[in-house]
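One line per chain: the protein sequences are A and B, in this order.
Numbering-wise, the first sequence is residues 51 to 241 according to this note's numbering.
Numbering-wise, the second sequence is residues 67 to 459 according to this note's numbering.
In what follows, a single structure is set out as structure tokens and then discussed.
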Amino acid sequence: MPERVEVRWHGRGGQGTVTAAKVFADACLSGGRYVQAFPEYGPERSGAPLKAYNRISDTELRMHCPVLHPGIVVVADSTLIDSIDVTEGAPENAVFIVNTAKDPFEMRKKLNASANQKVYTIDATRIAIDSFGRPLPNSPLVGTLAKITGIVSLETILEDVKKSFGKKFSQKIIDGNLDAARRGYEEVKEG
Amino acid sequence: MPKIVAVTGNEAVAEALRQVNPDVCAAYPITPQTDIMQRFSSFAANGKVKTEMILVESEHSAMSACVGASAAGGRVITATSSQGLALMWEILWIASGDRLPIVMPLVNRALSAPINIHGDHSDGMGARDCGWIQLWSENAQEAYDNTIQAFRIAEHLDIRLPAMVCMDGFIISHSITRMEYLEDEKVKSFVGEFKTLNPLLDIEKPVSYGPLILTDYYMEYRKAHEHVMSKVPGVVKQVADEFEKMTGRKYGLFETYRLDDAEVGIVVLNSAAGTTKDVIDEYRAKGIKAGLLKPRLFRPFPYAEVGDALKHLKAVCVLDRADAFGGSFGPLFMDIASSLYIQDKKPLMFNRIYGLGGRDYMPDQAEHVLNELVETAKTGKVQSVKEYIGVRE
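Shown next as structure tokens:
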């Protein structure tokens, strides 16, 4: 793992994007890492575009401002790509993870990603509907992010999903989210 | 073993308050503080603390209830932000004038109008001179640590003054970071049993609070307040030393970062200090001798110590996340200028206003200021004493 991983999440209000950033940060605590997770607070309307951020580092995190050059960009809702430049500030070796049923090569073209940038797709909404009956792509995306970054194991992610959903939801929903995170980890495609 | 967690600043402060387990809490919700008191009332409702929660209809009432409960002889807390603090203003002076050691987290937020819920320091600066102790915090860990230490400082028998613990709204209050929680037992024994002093409820020894004092003694009373304020820095250092022994985390009246051999320096409060430190490291790597001073004890302000720490610099920029309208300069600049006034040799100084209403303080703003500092040190000339940065023209 590089010394510091910076993630920018693009989602819509109500999709669980902020929760996903929180779960990922919590899971990355293991191994003595420093973590940050924070959304960009606006008028929190359901369906409105929002951004959230993660920083994960081996050294103390002192920056208290949005991530400008994310090494990883997670797009929780691919319809955002039509209205927002999700590639803004992404470095030459950035990695994009897009929630879409579309082919990863098609997504690469749509993002106009350069040769050194990587594009991964995961049909997270479909997985979520299959696993717990609601179109909330956050659990599969956390699984995908764990796989792509390699900084945290699937087991740790699953424990954290259990911990963060365990407080509020029934066993059925928790199991569905665990299954969804596992499938997010396993079913990601590279384009 | 301390517990390593990933939590928000608000969550961390609520946890500190749970561990301290005060007698009485009266609070009214206001963004971005609400989250602290929502969590704390859950602790109370679930029996995790024995605190008596008082429901009130405004912040004016919250502080009034705190005054009553504190004078009665209890360990008392509240928390607020922005307009909430503004509405308390009248009673803030009564809490300090009556020497009541109330502890209040202040989640810094801009003042209306226009209405804005985000982080800036206008609220805390407005209560700068009301006789309270103010501790400012860069991140969740510092907010947590300062909250615990605030009880010891406020309740010290030589002090007995109310204390507010400031942290940046949203930037810290709502962001998740890694930090360490102390064990409940350690916090409990560090804070110790609350010592009552002249409690109203002691009917064997009746006392009066808030009597009328006119021209005969009012001035002596105020001088006594100034005198007790002068003892605060010593207590802050003593409490910090004990805290360091327990945790390994070092606190003082202020923090200096790469300042001793620096030629230029930035003075800044709270979260922006963290971002600035990272940029200072980049400039140091380029061979530029830059440093930082971050006040922690802002009231009473340790003028002599701050002046000593800054006097060797060639140029200093004070970054203010509030303006003092009509006062020409930002409030922090005015204190830093006062600190250096008494020094024979002093740096060139300028003031930049940043981040109002939660406008992001980005690394390029720190770079801009450092470049200007280097230029000022080289030419010996200050381009302009006060400007807004990160603002549309």
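Yeah, the Cβ is synthetic: ideal placement off N, Cα and C, and Gly gets one too.
Is the beta carbon of residue i within less than 7 Å of some heavy atom of the ligand MN?
| i | result |
| --- | --- |
| E221/B | With respect to small molecules bound, the structure shown includes none, and the ligand MN cannot be examined in it. |
Straight-line CA distance for residue i to residue j?
| i | j | result |
| --- | --- | --- |
| T342/B | S162/B | 34 Å |
| V333/B | L359/B | 5 Å |
| A72/B | L79/A | 7 Å |
| I172/A | A77/A | 20 Å |
| R218/B | I70/B | 24 Å |
| D189/B | H126/B | 15 Å |
| Y496/B | N227/A | Past the boundaries of the shown model lies residue 496/B; chain B is included only from 67 to 459, so the question cannot be answered. |
| F215/A | A151/A | 26 Å |
| K101/A | A82/B | 30 Å |
| M191/B | K239/A | 53 Å |
| P413/B | Y407/B | 10 Å |
| P120/A | L223/B | 51 Å |
| V257/B | N212/B | 12 Å |
| R184/A | I198/A | 24 Å |
| S296/B | A339/B | 26 Å |
| V302/B | V457/B | 37 Å |
| T117/B | F109/B | 9 Å |
| P93/A | I102/B | 21 Å |
Taking the alpha-carbon of residue i as reference, which of the options has the nearest alpha-carbon?
| i | options | result |
| --- | --- | --- |
| F364/B | D307/B, E204/B, L248/B | E204/B |
| F155/A | H60/A, Y84/A, Y170/A, V123/A | Y170/A |
| Q85/B | R105/B, D426/B, P397/B, R458/B | R105/B |
| G446/B | M191/B, L379/B, R175/B | L379/B |
| V384/B | G396/B, F391/B, A375/B, G373/B | G396/B |
| R350/B | M400/B, R387/B, L436/B | L436/B |
| L130/A | A98/A, K72/A, P120/A | A98/A |
| Y75/B | I207/A, F88/A, T194/A, A70/A | The sequence shown places Gly at residue 75/B, not Tyr. Answer by Cα proximity: F88/A. |
| M154/B | A128/B, V169/B, I96/B, R141/B | A128/B |
| R387/B | K114/B, S147/B, A176/B | A176/B |
| V57/A | D153/A, E110/A, S96/A, E138/A | E138/A |
| G235/B | Q409/B, V79/B, D410/B | V79/B |
| M400/B | E221/B, K355/B, K452/B | K452/B |
| E53/A | D180/A, T67/A, Y84/A | Y84/A |
Hey, is residue i's beta-carbon within less than 8 Å of any beta-carbon in chain A?
| i | result |
| --- | --- |
| S239/B | no |
| S255/B | no |
| D386/B | no |
| D344/B | yes |
| G340/B | yes |
| Y427/B | yes |
| P337/B | The question names Pro, but residue 337/B in the sequence shown is Ser. Output row for S337/B: interface = yes. |
| A356/B | no |
| T243/B | yes |
| F236/B | yes |
| I70/B | yes |
Can you round the beta-carbon distance between residue i and residue j to whole angstroms, since I take them to be within the 8 Å contact cut?
| i | j | result |
| --- | --- | --- |
| V294/B | G331/B | The pair is not a contact, with the Cβ atoms about 31 Å apart (cut-off 8 Å). |
| Q431/B | A306/B | Between A306/B and Q431/B the Cβ distance is about 30 Å, and since that is not below 8 Å, they are no contact. |
| V145/A | W59/A | Incorrect: roughly 13 Å between the Cβ atoms, too far for contact. |
| F266/B | A138/B | Residue identity check: residue 266/B is Leu in the sequence provided, not Phe. Right, the Cβ-Cβ distance comes to about 5 Å (below 8 Å), so this counts as a contact. |
| D135/A | G61/A | At roughly 15 Å, the Cβ-Cβ gap does not stay under 8 Å, so D135/A and G61/A are not in contact. |
| L172/B | C232/B | 5 Å |
| R232/A | L195/A | Contact flag wrong, Cβ pair sits at about 13 Å. |
| V372/B | I402/B | 7 Å |
| E308/B | P68/B | Rounded, the Cβ-Cβ distance is 16 Å, inconsistent with contact. |
Check whether chain C comes within 8 Å of residue i, counting only Cβ atoms and requiring the distance to be less than that.
| i | result |
| --- | --- |
| A351/B | Absent from the structure: chain C. Protein chains present are A and B. |
Can you tell me which residues form a DSSP beta bridge with residue i?
| i | result |
| --- | --- |
| W202/B | C232/B |
| C383/B | I332/B, F416/B |
| C115/A | C115/A pairs with nothing; no bridge assigned. |
| F88/A | Y103/A |
| P171/B | V231/B |
| I172/A | N149/A |
| M119/B | C91/B |
| L462/B | Residue 462/B is absent from the structure shown; chain B starts at 67 and stops at 459. |
| M245/B | V71/B |
| R54/A | S107/A |
| K289/B | Paired residue(s): none; K289/B is not in a bridge. |
| V142/B | V90/B |
Counting only C-beta atoms, is residue i closer than 8 Å to chain B at any point?
| i | result |
| --- | --- |
| K72/A | yes |
| P116/A | yes |
| Y91/A | yes |
| D76/A | yes |
| L111/A | yes |
| V124/A | no |
| Q86/A | yes |
| L195/A | no |
| L208/A | no |
| L191/A | no |
| L79/A | yes |
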